[in-house]
Each structure stands twice: as structure tokens, then as C-alpha cells.
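Notes to accompany the following structure.
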Amino acid sequence: MTIQFTLNGAKQSLDLDPNMPLLWALRDVLNLTGTKFGCGIGQCGACTVHLNGIAVRSCSMPVAGIANQTITTIEGLSAEGLTPLQEAWVETDVPQCGYCQVGQIMTAAAFLKNTPKPSDEDIDANMNNLCRCGTYNRIRDAIKKVAQAQPHPPAQPAADQPQAETEEPKP
Ligand code: FES
Ligand code: FES
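Using the working numbering, you'd call the opening residue of the sequence shown number 2 and step up by one each time.
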């Protein structure tokens, strides 16, 4: 079956078994080995990529599901150099063995897009990738570093603000 999709900003057209997991297509067909194989059953998150900007586990996604969709892998996260998130990862010395870290960064990137100023609870609830080296505290620190550096959401325009009630003139 011919599957057409956009990968890291470029159109792709591949003849694939529609049941092939996306992770297999990325690593074995397209030679994009940044995305890792961990459990193979959708549990660990090592294989996380973005499908239309949403973090998904590519080991559990058949390529039939990406037809005409947009996929981003770690190789395409930034057109030039490291993203601020990746820089924060380096500055915070997050990785230990490093194996899970691509999946962690892809999950964090999608999470921060929707939640630019997360609380610790938001981070813990959404960063659900496994790390056998236990780098969770440093992952949280790196995410907070990026969040603190992001500009605050624009203030509500005056026209959108509820009008203060004016006091009736006293007789
Ligand atoms: Fe995909 Fe573990 S390899 S979730
Ligand atoms: Fe080793 Fe996460 S850094 S598994």
C-alpha cells in the first residue's frame, strides 16, 4: 500500500505493509534511528514522535494511521540547531544512559506547546515516559527552566476585560 505523509517537513510516499508499526518504518526504512525501540507495546515512551503535533508512541501505530498526516521525529524538531528545550536538557544534565531521552524530549515538547507554564503537578501528570535511570527530577527541572524562560501569555486586551461597575451618583 502506498502511504503518503509529511515527515519532518518533507512529503514522503512509501510502499509499506499498512500494518507495519511507524517505528519500524522510521528506523528500518527511512533510517531515522533517533527514535528508539524500548518495550514495543506502547508502555515506555522511548519511541515517541509527534503526529500532527501530538505525542504518540510509534511502536503501536500502524503506518496506515499516518496517511496524509504530519509526523515529526527528533531529527525534525528544529530546522536549525537545538531547540530551547534541548538546550535546557543539556544545561540540566538530564540524561544518564540516554536511551529514553529522545522520547522524553518529544513528549515534553508536545506537552509544553499546550501547557507553556506547567505546575509540578501538570508535569508529573503528563510526563509519563519511563526512565530506568530515574532522571525524573532532572526532566522536571529542565521543563521548568524552559517554562520560566517563556514569555507570559499576553494580557487580556482592555476591551475584553469586564467593565468595573460604576457607582451610582448619590442623590
Ligand atoms: Fe514504544 Fe515502548 S517502544 S512505548
Ligand atoms: Fe537511562 Fe532514561 S536516561 S533510561
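Each residue gets a CB set at the ideal place from its N, CA and C atoms; glycine is no exception.
All values derive from a computational prediction rather than experimental measurement.
| query | What residues in its chain sit with their C-beta under 7 Å from that of Lys-171, if we drop five residues either side in the sequence? | reply | Confidence at Lys-171 is low in this model, with a pLDDT of 47, below 50, so its placement is unreliable and no value can be given for it.
| Neighbourhood of Lys-37 by C-beta distance below 7 Å, restricted to the same chain and skipping five residues each side | Ala-47, Cys-48, Tyr-100, Val-103 and Gly-104
| request: Give a yes or no on contact between the stretch 80–88 and the stretch 115–126, applying the rule of three or more CB pairs nearer than 8 Å. | output: no
| request: Tell me where the beta strand (DSSP E) around Arg-58 begins and ends. | output: 55–58
| Is Arg-133 near ligand 2, going by C-beta to nearest heavy atom under 6 Å? | yes
| query | Expressed to the nearest angstrom, what Euclidean distance is found between the alpha-carbon atoms of Pro-22 and Leu-131? | reply | 20 Å
| field | Through-space distance from Met-107 to Asn-129, alpha-carbon basis | value | 12 Å
| Who pairs with His-51 in a beta bridge, going by DSSP? | Ala-56 and Thr-73
| query | Quick one: is the Cβ of Cys-98 within less than 6 Å of any heavy atom of ligand 4? | reply | This structure does not include ligand 4; its bound ligands are ligand 1 and ligand 2.
| said: Rounded to the nearest angstrom, what separates Asp-29 and His-153 at their Cα positions? | reply: 42 Å
| query | Cα-Cα, which of Ser-59, Asn-53 and Gln-5 is closest to Gln-44? | reply | Ser-59
| query | Between Thr-36 and ligand 2, is the CB less than 6 Å from at least one heavy atom? | reply | no
| How many angstroms separate the CA atom of Asn-32 from the CA atom of Leu-24? | 10 Å
| message | Given 6 Å as the limit, tell me if Ala-47 has its C-beta closer than that to any heavy atom belonging to ligand 1. | response | yes
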